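Engineer: Going letter by letter, the sequence shown gives residues -28 to -1, 1 to 731 in mature numbering (1 follows the signal peptide of the UniProt record, and there is no 0).
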Amino acid sequence: MRRQGARALTALLLVLLVGVAGPRPAAADDGTRPPGAADGTNLSKDEAFDNPLLSPPLMPVEQLRFLLRRLLPDHQKQQAFNQSRNGAVDFLNPLLLTEKQLNDLLGNPRYASFESRRAWRASMIDLKPMKRFLDPRLVEQLEEKGYNEIPGIAALSGERLHSEGWLQKLEDEAGIAPEAKIASASERQQCAKCSRFYLRQTRTLFAYPYDLTVKETAQKAEDMAKLAKDWAAEGKSDADRKAKLKVEKAYGKERQYRNGVAQEQLGVDLDGVMETAKKENWEESAFKPPFALPSGPSCALPDTRSQRRPVPSALVLAAAKADGTCDEGRGGGAADADAATGLGATLAVPGGNNGGIDFSTMELRYLADPGDGSGLRYSFGADRDPLKGDNRTSTGVSAAARTSDAFFVWLSLDPSAFWVNLNPTEPERVVDDELGRTDVGRIMLEADLRMKKTVGELIHPHTALGRRYWDGLRGECASTRNWITSAPASVHEDGDELYILDAPLDVQMESQYLSEAGGTGDAPPSCPRPDRASEEHNEDLYRTLVLPELTKAVNTAPEYADLRRVHLARVAAQWYRERARTQDTTYGDLIDSGDIAHWRTTARWKPRDTFDRYVDSYRRGEFDVTEKLADGGAKNYVFGGVDFSRVSLRQVPDTRFEADFAKLPKGVDRSLRTPSMDADTVWLGAPTPREASGLGPPDTSAGAGTWALRLLPLLLLPAAFLLLRRRRRHLNTSSSTSPLRRAAVEAPRRRRTGLSDKP
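(1) State the DSSP-derived secondary structure class of Pro502, mapped to helix, strand or coil.
(2) Quick test of your reading: Cys163 and Gly137, contact by CB under 8 Å. State the CB separation rounded to the nearest angstrom.
(3) Jot down the residue ranges of each uninterrupted alpha helix (DSSP H) in the segment 517 to 581, minimum 4 residues, whole runs only, in chain order.
(4) In three-state DSSP terms, what is Asp362?
(5) Going by C-alpha to C-alpha distance, which of Leu25, Phe53, Ser158 and Leu513 sits closest to Ala60?
(6) What do you reckon, are the CB atoms on Leu139 and Ile125 nearer than 9 Å?
(7) Please state the DSSP three-state secondary structure of Lys17.
(8) State buried or exposed for Glu247, treating a residue as buried only when at least 16 other CB atoms are found within 10 Å of its CB.
(9) May I ask you to verify whether the segment 116 to 130 touches the segment 49 to 68, counting CB pairs closer than 8 Å and requiring at least 3?
(10) Report the three-state DSSP secondary structure of Ile415 (helix, strand or coil).
(11) Compare the C-alpha of Val412 against each of Met649, Asp478 and Arg537 and name the closest.
(12) Quick check on Glu82: buried or exposed, where buried means 16 or more other Cβ atoms within 10 Å of its Cβ?
(13) Have a look at Glu121 and Ser506 and give me their C-alpha separation to the nearest angstrom.
(14) Does the distance from the C-beta atom of Arg453 to that of Asn527 stay below 9 Å?
(15) Whole angstroms are fine: how far does the CA of Leu68 sit from the CA of Tyr532?
(16) Output the distance between the C-alpha atoms of Asp556 and Arg549, rounded to the nearest integer angstrom.
(17) How long is the line joining the alpha carbons of Arg585 and Trp442, rounded to whole angstroms?
(18) Apart from the five residues on each side of it in sequence, which residues of its chain come closer than 7 Å, Cβ to Cβ, to Ser88?
(19) Can you tell me the Cα-Cα spacing of residue 733 and Leu656, whole angstroms?
(20) If you draw a straight line from the C-alpha of Arg698 to the C-alpha of Ala525, how long is it?
(21) Start and end of the beta strand (DSSP E) containing Ser156?
(22) Entirely within the segment 166 to 242 and at least 3 residues each: give me those beta strand (DSSP E) ranges in chain order.
(23) Give me whichever residues DSSP pairs with Leu110 in a beta bridge.
(24) Grab the span of the beta strand (DSSP E) containing Met649 for me, first residue to last.
(25) Around the Cβ of Asp534, are there at least 16 other Cβ atoms within 10 angstroms (buried) or fewer (exposed)?
(26) Is Asn75 helix, strand or coil when you go by DSSP?
(27) Under 7 Å Cβ to Cβ from Ser384, same chain only, skipping five residues before and after it: list those, please.
(28) In whole angstroms, what is the alpha-carbon distance linking Pro342 and Leu417?
(29) What is the rounded straight-line gap between the Cα of Lys201 and the Cα of Val219?
(30) Can you have a look at Pro460 and say buried or exposed, based on whether 16 or more other CB atoms are within 10 angstroms of its CB?
(31) Cβ of Ala20 versus every heavy atom of the ligand HEM: is any distance shorter than 8 Å?
(32) Looking at the strands, I want to know which residues DSSP matches up with Asn393.
(33) Which residue from Gly3, Arg662 and Arg5 puts its Cα closest to that of Leu348?
(34) Return helix, strand or coil for Asp653, following the three-state DSSP convention.
(35) In this structure, how does DSSP classify Asn120 when only helix, strand and coil are distinguished?
(36) Inspect the beta-carbon positions of Ala544 and Phe379 and report whether they are closer than 9 Å.
Here's what the structure looks like:
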């Protein structure tokens, strides 16, 4: 009823004002707008949207409000959805922006603010749902140039400055010309003062009428002139001033009434946004932080010193902090800590694009454990590619989740289990049983299958490389085993910190002939071993032509990104294993525990699925590449696997690190609190949960459970926006749960010595 009443008042007001509206004034020749609120599209009249605030043009504003509410402390959260604050967004033409302007908008911290009275954010916005609100000719130009996103800046009003005023201030700082603004959307119609920020060609949209229209403003001027003229003719003194006051008062009442209706309706629809969030379980779609302890006892358990740590439950790397259940009076909340992390502030945006970061390249490059039981610090590096990269935060969430899950799997299982194998004669030896229950095992097997496809593409006889390979091949066939391994990783260790500078993958090969291994129903026809000279020639040919290109693909191609990601986690886990032998670590007791309950894949996938796809492709000839030669047929069989059982860490000395990576420590340190830029790389990190909450080191004299850390949702990714649905994990603390997971959250620190750690 409240909503309907407000809309009825709006309609009545429009009827009343039509009577005083005069002819539309002529527009200025310089492209500027005539006086009055900006004429444009009233989104509340669009039948496609029951709530105009949830329309595509205003969605960036509501995302900003939602993010602001999540990040503000409890006593300021009402500022985010306060109906007295207006929100607006300017959409920009990337064709009229320089690379520097784009980089400044999407990467410079000054273009993202989440303070209670100063809130704005620049981002890339999906072009598709915005098409019908933009000039069709411009849309065609953008699509021809390959753009599927456009940059935009959203802001909320505050500190006596309208939202459009904040936008203009930011655009002036970036040197953005008025011509670059292709559209502007505002919750309340752009007022007479703000309309001058937009050229006549810029499309303006709004949810609720506000201020006097252009026609009303022109009519007001006519009324003033006429009344002043009449009074002057009657001999009244000071006719101009008195006429102006009288007319201003009359029109002021109309303006005040209209603006009140707009504010009332904004409040109704903001409530609707929150109701939608609740109905669609936006908060239930939140991702919980990894590299932190799992949900569990929120307060100290009896005799926690005799218990072991629970297994970490992790989805997304971000800071966690205690919710105050056992620390009453401390104030604040998880949002205080969340807002203070570079990764949290970046990924907490509801489902939108963010900052020009190519999240598909996001990889773990820094890890630290202070050794005081407070958790881990970490930082990811990602490339910046505002226009062509994968800017979806959901991609970043997925990348962080897989890295975190892999790290704990690498700790929990014995390194001897870190292998996969696709060979048609060995269906019983595809993957270790436990590893095959995790996404790590799935990623490794899928990469192995992908490698065989890559080989087939490289040696295809219709390619230049393939032609050279087949021309040089000797004998009836060649049978090759390729397997991916970890090349020595270049790292720098500084006390309790690890910088992963380079962690390449290697591909090894050898000749292997199935006739020696015995056949199975899945095996291809036997490939007889050639004479030794031909075998060595074929191996050298493969190593020279194929292997370098295959190694390059594994290290750079997008289809191997997940494998590279879990491999970096393997490097970090290896360092952590070695450190835990002699140093205090948060998760030392997890090493070789064998407990992977929290990291079992929930995908409907079994190792046999990948094996069957491999055999099917083998039978169809995808990996049985045949080329007819002048002297008969020749075939090339490919087998192999992935083996991460051994990882070698090559320490980069201080002198070289300081010479080649002098800026890295400062960049990583900044990333713990805010996104940090270094050339074309963005660093996204988070401090330990205790550091994020602003607390000091734990008091080891107190009960360990005193410092229990509870996971709190950080990344609110509404289902309406979310492109990636990740599983929810059930953490069962019943009697069926293992003692390791029932243990107190903050067990006493232990120094590990003599740990069995098979390399």
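Idealized CB from N, CA, C, for every residue including glycine. Note that the structure is a prediction, hence the values are computed from the model and not measured.
Structural biologist: Reading from the atomic positions:
(1) What you label residue 502 is simply residue 530 of the sequence shown in a count that begins at 1. Coil, per DSSP.
(2) For the purposes of this step, residue 163 is identified with residue 191 of the sequence shown, where counting begins at 1. For the purposes of this step, residue 137 is identified with residue 165 of the sequence shown, where counting begins at 1. At roughly 10 Å, the Cβ-Cβ gap does not stay under 8 Å, so Cys163 and Gly137 are not in contact.
(3) 519 to 528 and 533 to 552
(4) Your numbering for residue 362 matches position 390 in the sequence shown. Reduced to three states, the DSSP call for Asp362 is coil.
(5) For this step, residue 60 is matched to residue 88 along the sequence shown. For the residues Leu25, Phe53, Ser158 and Leu513, the minimum Cα distance to Ala60 belongs to Ser158.
(6) In the sequence shown, residue 139 corresponds to position 167, counting from 1. In the sequence shown, residue 125 corresponds to position 153, counting from 1. Result yes, Cβ atoms of Leu139 and Ile125 sit closer than 9 Å.
(7) In the sequence shown, residue 17 corresponds to position 45, counting from 1. DSSP places Lys17 in helix when its eight states are reduced to three.
(8) Here residue 247 refers to the residue found at position 275 when the sequence shown is read from its first residue. Looking at its Cβ environment, which holds fewer than 16 other Cβ atoms inside 10 Å, Glu247 is exposed.
(9) yes
(10) Against the sequence shown, residue 415 aligns to sequence position 443. If DSSP states are grouped into helix, strand and coil, Ile415 belongs with the helices.
(11) Along the sequence shown, read from residue 1 onward, the residue named residue 412 stands at position 440. Val412 has its Cα closest to that of Arg537, out of Met649, Asp478 and Arg537.
(12) Stepping through the sequence shown from its first residue, residue 82 is reached at position 110. According to the sequence shown, residue 82 is Arg rather than Glu. Flag for Arg82 reads exposed.
(13) Taking the first residue of the sequence shown as position 1, residue 121 is located at position 149. Taking the first residue of the sequence shown as position 1, residue 506 is located at position 534. Looking at the two C-alpha atoms, the distance is approximately 55 Å.
(14) Residue numbering aside, residue 453 sits at position 481 when the sequence shown is read from its first letter. Residue numbering aside, residue 527 sits at position 555 when the sequence shown is read from its first letter. Not in contact: Arg453 and Asn527 (Cβ atoms no closer than 9 Å).
(15) Here the question's residue 532 lines up with position 560 in the sequence shown. Here the question's residue 68 lines up with position 96 in the sequence shown. If you take the alpha carbons of Tyr532 and Leu68, they lie about 35 Å apart.
(16) Numbered from 1 along the sequence shown, position 584 holds the residue referred to as residue 556. Numbered from 1 along the sequence shown, position 577 holds the residue referred to as residue 549. Whole-angstrom Cα-Cα distance: 11 Å.
(17) Start at 1 with the first residue of the sequence shown, and residue 585 comes out as number 613. Start at 1 with the first residue of the sequence shown, and residue 442 comes out as number 470. Those two C-alpha atoms are separated by around 26 Å.
(18) On the sequence shown, position 116 is the one that residue 88 refers to. Only Leu44, Gln48 and Gln51 meet the Cβ criterion.
(19) This structure leaves residue 733 out entirely; the chain is present only between -28 and 731.
(20) On the sequence shown, position 726 is the one that residue 698 refers to. On the sequence shown, position 553 is the one that residue 525 refers to. Confidence at Arg698 is low in this model, with a pLDDT of 36, below 50, so the placement of that residue is unreliable and no value is reported for it.
(21) Looking up residue 156 in the sequence shown gives position 184. Lys153 to Arg160 is the extent of the beta strand (DSSP E) around Ser156.
(22) 175 to 180
(23) Looking up residue 110 in the sequence shown gives position 138. Leu110 is not bridged to any residue.
(24) Your numbering for residue 649 matches position 677 in the sequence shown. Ser648 to Asp650 is the extent of the beta strand (DSSP E) around Met649.
(25) Along the sequence shown, read from residue 1 onward, the residue named residue 534 stands at position 562. Burial call: buried.
(26) Looking up residue 75 in the sequence shown gives position 103. Helix at Asn75.
(27) Taking the sequence shown and counting its residues from 1, one reaches residue 384 at position 412. Answer for Ser384: Leu562, Ser565, Gly566, Asp567 and Ile568, listed in chain order.
(28) As a first step, residue 342 must be located in the sequence shown, where it is residue number 370. As a first step, residue 417 must be located in the sequence shown, where it is residue number 445. About 35 Å.
(29) Sequence index remark: in the sequence shown, residue 201 carries index 229 (1-based). Sequence index remark: in the sequence shown, residue 219 carries index 247 (1-based). So the two alpha carbons sit approximately 13 Å from each other.
(30) In the sequence shown, counting from the first residue as 1, residue 460 sits at position 488. Exposed, since its Cβ has fewer than 16 Cβ neighbours within 10 Å.
(31) Annotation note on the ligand HEM: not contained in the displayed structure, which lists no ligands.
(32) As a first step, residue 393 must be located in the sequence shown, where it is residue number 421. Note: Asn393 sits in a beta bridge opposite Gly613.
(33) Against the sequence shown, residue 348 aligns to sequence position 376. Closest by alpha carbon: Arg662.
(34) What you label residue 653 is simply residue 681 of the sequence shown in a count that begins at 1. With the sequence shown as reference, residue 653 is identified as Thr, and Asp is not the correct amino acid for it. In this structure, Thr653 counts as strand in the three-state DSSP scheme.
(35) As a working mapping, residue 120 is identified with position 148 in the sequence shown. In this structure, Asn120 counts as coil in the three-state DSSP scheme.
(36) Stepping through the sequence shown from its first residue, residue 544 is reached at position 572. Stepping through the sequence shown from its first residue, residue 379 is reached at position 407. Result yes, Cβ atoms of Ala544 and Phe379 sit closer than 9 Å.
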